[in-house]
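As they're listed, the protein sequences go chains W and X. Per numbering that gives the first Met the number 0, numbering through the first sequence is continuous, rising by one, with the last residue being 387. Per numbering that gives the first Met the number 0, numbering through the second sequence is continuous, rising by one, with the last residue being 133.
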Amino acid sequence: MWELTLPRTLVIGEDALDYLRCLRGERALVITDRVLASLGLAERVASLLREAGLEVRVFDRVEPEPSRRVVEEAVHLAREFEPDWIIGLGGGSCMDVAKAAFVLYERPDLTLDEIAPLAELGLRKKARLLNIPTTSGTGSEATWAIVITDEREKRKMELASREVVADVAILDPSLPASMPPRLTADTGLDALTHALEAYVSRWHNDFSDALALWAIRAVFRYLPRAYRNGQDAEAREKLHNAATMAGMAFSNSQICIAHAMGHALGALFKVPHGRSVAVFLPYTIEYNARAAADRYAEVADALGLGGEGAAEKTTKLVKAVRELLREVDGPLSVADLGIRRADYEARLEDLVDRAMSSTGTVANPRDVGRQEYARLFICAYEGKPVDF
Amino acid sequence: MVLFPSEEWIQRFKEELNKNEAYAEAARDWEGDFLFVVTPDEGLDREYVFYVDLYHGKCREACLLPSREARKADFVFEGPYSNWKKLIRGELDPITAIMTRKFKLRGSLMKVMRYTKAASELVKTASRVPTEFK
Numbered sequence: 000m001w002e003l004t005l006p007r008t009l010v011i012g013e014d015a016l017d018y019l020r021c022l023r024g025e026r027a028l029v030i031t032d033r034v035l036a037s038l039g040l041a042e043r044v045a046s047l048l049r050e051a052g053l054e055v056r057v058f059d060r061v062e063p064e065p066s067r068r069v070v071e072e073a074v075h076l077a078r079e080f081e082p083d084w085i086i087g088l089g090g091g092s093c094m095d096v097a098k099a100a101f102v103l104y105e106r107p108d109l110t111l112d113e114i115a116p117l118a119e120l121g122l123r124k125k126a127r128l129l130n131i132p133t134t135s136g137t138g139s140e141a142t143w144a145i146v147i148t149d150e151r152e153k154r155k156m157e158l159a160s161r162e163v164v165a166d167v168a169i170l171d172p173s174l175p176a177s178m179p180p181r182l183t184a185d186t187g188l189d190a191l192t193h194a195l196e197a198y199v200s201r202w203h204n205d206f207s208d209a210l211a212l213w214a215i216r217a218v219f220r221y222l223p224r225a226y227r228n229g230q231d232a233e234a235r236e237k238l239h240n241a242a243t244m245a246g247m248a249f250s251n252s253q254i255c256i257a258h259a260m261g262h263a264l265g266a267l268f269k270v271p272h273g274r275s276v277a278v279f280l281p282y283t284i285e286y287n288a289r290a291a292a293d294r295y296a297e298v299a300d301a302l303g304l305g306g307e308g309a310a311e312k313t314t315k316l317v318k319a320v321r322e323l324l325r326e327v328d329g330p331l332s333v334a335d336l337g338i339r340r341a342d343y344e345a346r347l348e349d350l351v352d353r354a355m356s357s358t359g360t361v362a363n364p365r366d367v368g369r370q371e372y373a374r375l376f377i378c379a380y381e382g383k384p385v386d387f
Numbered sequence: 000m001v002l003f004p005s006e007e008w009i010q011r012f013k014e015e016l017n018k019n020e021a022y023a024e025a026a027r028d029w030e031g032d033f034l035f036v037v038t039p040d041e042g043l044d045r046e047y048v049f050y051v052d053l054y055h056g057k058c059r060e061a062c063l064l065p066s067r068e069a070r071k072a073d074f075v076f077e078g079p080y081s082n083w084k085k086l087i088r089g090e091l092d093p094i095t096a097i098m099t100r101k102f103k104l105r106g107s108l109m110k111v112m113r114y115t116k117a118a119s120e121l122v123k124t125a126s127r128v129p130t131e132f133k
């Protein structure tokens with residue numbers, strides 16, 4: 000038996016944001032960041048909600064790689080304001096804070112650590128959750144994952160509950176159009192990593208496969224276009240949809256070791272998430288090929304890469320991923336991220352510890368232990384192919 | 000051959016686990032005790048409950064309990080006899096088994112998922128006990 004969880008309602012296409020005009024409720028708490036507030040986006044959303052008759056408060060203090068402290072501030076406001084809609088507006092950070100705040104608002108007796116798969120939280124007695132992604136993207140609008148940084152332990156807390164999948168996700172393609180090229184690339188690569196890992200995870204299934212394959216094809220086709228021309232409306236819309244599909248795919252399958260390694264790197268060296276997972280992607284494909292070449296070959300076929308046999312097709316896929324990284328000026332090695340080798344090696348054991356304890360290790364198609372992780376981290380630093 | 004479930008089986012399991020260096024390494028930071036609960040089906044006529052205390056890569060204590068009320072533990076890992084047989088035979092992975100509801104876990108799943116290698120070695124150890132089933 001395998002249970003799939005998806006948002007109840009997805010609103011897509013041109014003017015999707017107008018859905019807010021008809022939202023039923025009394026009070027909406029919009030959780031976002033200062034950048035989006037300064038761009039007027041928070042006010043645009045608030046204005047639509049007021050047209051629907053809701054009272055609105057905006058919390059705009061979400062930071063990148065959000066911490067427990069930010070979640071606690073948002074929860075404090077929610078407890079004062081008592082909204083019946085919590086709305087995450089922004090990238091993964093804003094939506095993850097919205098999800099975490101939603102849980103702790105509904106269940107003040109819980110701590111963040113108690114947000115766990117299979118734990119029954121009994122949410123939706125006070126409010127419902129609506130997410131509006133502005134990046135394409137983490138897929139957080141459609142997933143049951145929440146990533147919050149524990150500042151004290153310098154660890155990414157990988158929390159998860161089916162109950163935090165949004166009731167409504169609004170995918171308005173006008174929203175990501177203002178993303179600068181670097182952010183477009185980073186978030187697009189994150190979506191690619193989600194989809195590729197979902198496809199090879201031990202827990203993949205027919206539904207996650209279908210969503211993942213569509214997303215992979217869309218990222219390869221449209222990310223370079225959106226990177227070169229942010230006003231390419233078709234590219235923006237396809238990428239926006241692809242990111243949500245990739246989120247739905249991995250949420251109902253699992254992430255693998257590119258994420259395990261990327262979370263570790265991001266926590267210790269403050270590398271933005273999309274870049275920190277994408278840098279490991281080619282190396283982890285090479286590593287996993289010994290167990291999942293058939294699966295990677297199917298991806299290569301879907302992309303029309305050619306080749307004979309699973310091994311050759313997997314090699315072509317790795318090459319295609321590296322070419323995509325080059326096209327969007329993404330990192331081909333950890334050294335490209337500007338991390339000094341001495342600093343990296345000094346933290347190697349810590350990186351391995353964190354990767355070992357990541358949920359990404361659980362469902363990886365090939366077993367990976369401390370030694371393998373250490374070697375992978377070094378290959379990824381040096382830009383050397385993985386041959387073990 | 001040792002009958003599962005039985006006191007003799009859990010003592011053999013404890014012996015094997017404390018010889019398992021891969022487990023000792025993978026679980027070097029682990030602190031937490033378990034009730035392993037085998038619920039009746041397929042030839043098993045009643046519930047069996049094991050207590051297992053795992054600490055820093057070693058098993059400090061293991062025994063068969065008269066009932067699940069006899070001891071409290073941080074974690075309860077429970078499943079029907081038929082699934083325990085598959086687990087011991089290596090036909091089921093413990094984490095996948097929890098996610099697909101073949102086993103129930105009470106206790107922090109997130110903590111257990113951070114020790115997947117240790118969980119895998121626990122199962123491998125169980126497979127090394129020469130086991131016969133009812």
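Glycine included, C-beta positions come from ideal geometry on N, C-alpha and C.
Status (buried if at least 16 other CB within 10 Å, exposed otherwise) for residue i
{"i": "W/PHE387", "result": "exposed"}
{"i": "W/HIS262", "result": "buried"}
{"i": "W/PRO384", "result": "exposed"}
{"i": "W/GLU119", "result": "exposed"}
{"i": "W/LEU5", "result": "buried"}
{"i": "W/SER46", "result": "exposed"}
{"i": "W/ASP185", "result": "buried"}
Unbroken beta strand (DSSP E) run spanning residue i, endpoints
{"i": "X/TYR47", "result": "47-54"}
{"i": "X/PHE12", "result": "Taken as a continuous stretch (DSSP letters only), X/PHE12 belongs to no beta strand (DSSP E), being part of the alpha helix (DSSP H) at 6-18."}
{"i": "W/MET244", "result": "Counting along the chain, W/MET244 falls outside any beta strand (DSSP E), though it belongs to the alpha helix (DSSP H) covering 232-250."}
{"i": "W/ASP149", "result": "144-149"}
{"i": "X/ARG59", "result": "57-64"}
{"i": "W/ASN130", "result": "127-132"}
{"i": "W/MET156", "result": "154-159"}
{"i": "X/THR130", "result": "130-132"}
{"i": "W/THR8", "result": "8-11"}
{"i": "W/GLU54", "result": "54-58"}
Same chain, Cβ closer than 6 angstroms to residue i, five either side skipped, listed in chain order
{"i": "W/SER250", "result": "THR142 and TRP143"}
{"i": "W/LEU212", "result": "ALA301"}
{"i": "W/TYR221", "result": "ALA234, LYS237 and LEU238"}
{"i": "W/LEU122", "result": "GLU105 and GLU162"}
{"i": "W/ALA379", "result": "PHE279, TYR282 and VAL333"}
{"i": "W/MET260", "result": "PHE279 and ALA354"}
{"i": "W/VAL351", "result": "ARG369, TYR372 and ALA373"}
{"i": "X/ARG59", "result": "ASP52"}
{"i": "W/SER200", "result": "SER252, GLN253, CYS255 and ALA362"}
Spatial neighbours of residue i in its chain, beta-carbon cut-off 8 angstroms, leaving aside the 5 residues before and after
{"i": "W/TYR18", "result": "VAL10, VAL167 and ILE169"}
{"i": "X/THR38", "result": "GLU46, GLU77, GLY78, PRO79 and TYR80"}
{"i": "X/LYS18", "result": "none"}
{"i": "W/ASP83", "result": "GLY24, GLU25, ARG26, ALA27, LYS125, ALA126 and ARG127"}
{"i": "W/ARG289", "result": "ARG365"}
Where the alpha helix (DSSP H) through residue i begins and ends
{"i": "W/LEU347", "result": "347-355"}
{"i": "W/TRP213", "result": "205-227"}
{"i": "W/VAL298", "result": "280-301"}
{"i": "W/LEU182", "result": "180-199"}
{"i": "W/VAL317", "result": "308-326"}
{"i": "W/ASP95", "result": "91-105"}
{"i": "W/ALA266", "result": "256-268"}
{"i": "X/LEU104", "result": "Not the alpha helix (DSSP H): X/LEU104 falls in the beta strand (DSSP E), residues 103-105."}
{"i": "X/LYS123", "result": "115-127"}
{"i": "X/PHE76", "result": "First-last for X/PHE76: 74-79, but that is the beta strand (DSSP E), not the alpha helix (DSSP H)."}
{"i": "X/MET112", "result": "108-112"}
{"i": "W/THR31", "result": "Segment: none, W/THR31 is in no alpha helix (DSSP H) and carries neither H nor E."}
{"i": "W/GLU381", "result": "369-381"}
{"i": "W/THR358", "result": "358-361"}
Integer-rounded CB distance, given that residue j should sit under 8 angstroms from residue i
{"i": "X/TRP29", "j": "X/ALA117", "result": "6 angstroms"}
{"i": "X/GLU120", "j": "X/ALA25", "result": "6 angstroms"}
{"i": "W/VAL61", "j": "W/SER92", "result": "5 angstroms"}
{"i": "W/ARG406", "j": "W/LEU111", "result": "Nothing about residue 406 of chain W can be read from this structure; chain W reaches only from 0 to 387."}
{"i": "W/VAL146", "j": "W/ASP95", "result": "6 angstroms"}
Contact test: residue i Cβ vs the ligand MG heavy atom, cutoff 6 angstroms
{"i": "W/PRO330", "result": "Absence of the ligand MG is noted for the structure shown, with no ligands found whatsoever."}
7 angstroms Cβ shell around residue i - same chain, five flanking residues per side excluded
{"i": "W/VAL69", "result": "ARG60, VAL61, GLU62 and VAL96"}
{"i": "X/TRP83", "result": "VAL37"}
{"i": "W/VAL276", "result": "ASP189, THR192, ALA257, HIS258 and GLY261"}
Checklist entry - What are the residues of the stretch 112-127 of chain X that lie near chain W, defined by any Cβ-Cβ distance shorter than 7 angstroms? => result MET112, ARG113, THR115 and LYS116
Next on the checklist: Short of 9 angstroms Cβ to Cβ, which residues in the stretch 100-133 of chain W face chain B?
Outcome noted: No chain B is present in this structure, whose protein chains are W and X.
Checklist entry - When Cβ atoms are compared, which residues of the stretch 246-265 of chain W fall closer than 8 angstroms to chain X? => result none
Checklist entry - Between the stretch 81-100 of chain X and chain W, which residues of the former have a C-beta closer than 9 angstroms to a C-beta of the latter? => result ASP92, ILE94, THR95, ILE97, MET98, THR99 and ARG100
Checklist entry - Which residues, taken in chain order from the stretch 21-35 of chain X, show a beta carbon closer than 7 angstroms to some beta carbon of chain W? => result none
Checklist entry - Looking at chain X, which residues of the stretch 67-79 of chain W have a Cβ within less than 9 angstroms of any of its Cβ atoms? => result none
Checklist entry - Which residues, in order along the stretch 306-319 of chain W, keep a beta-carbon less than 7 angstroms from a beta-carbon of chain X? => result none
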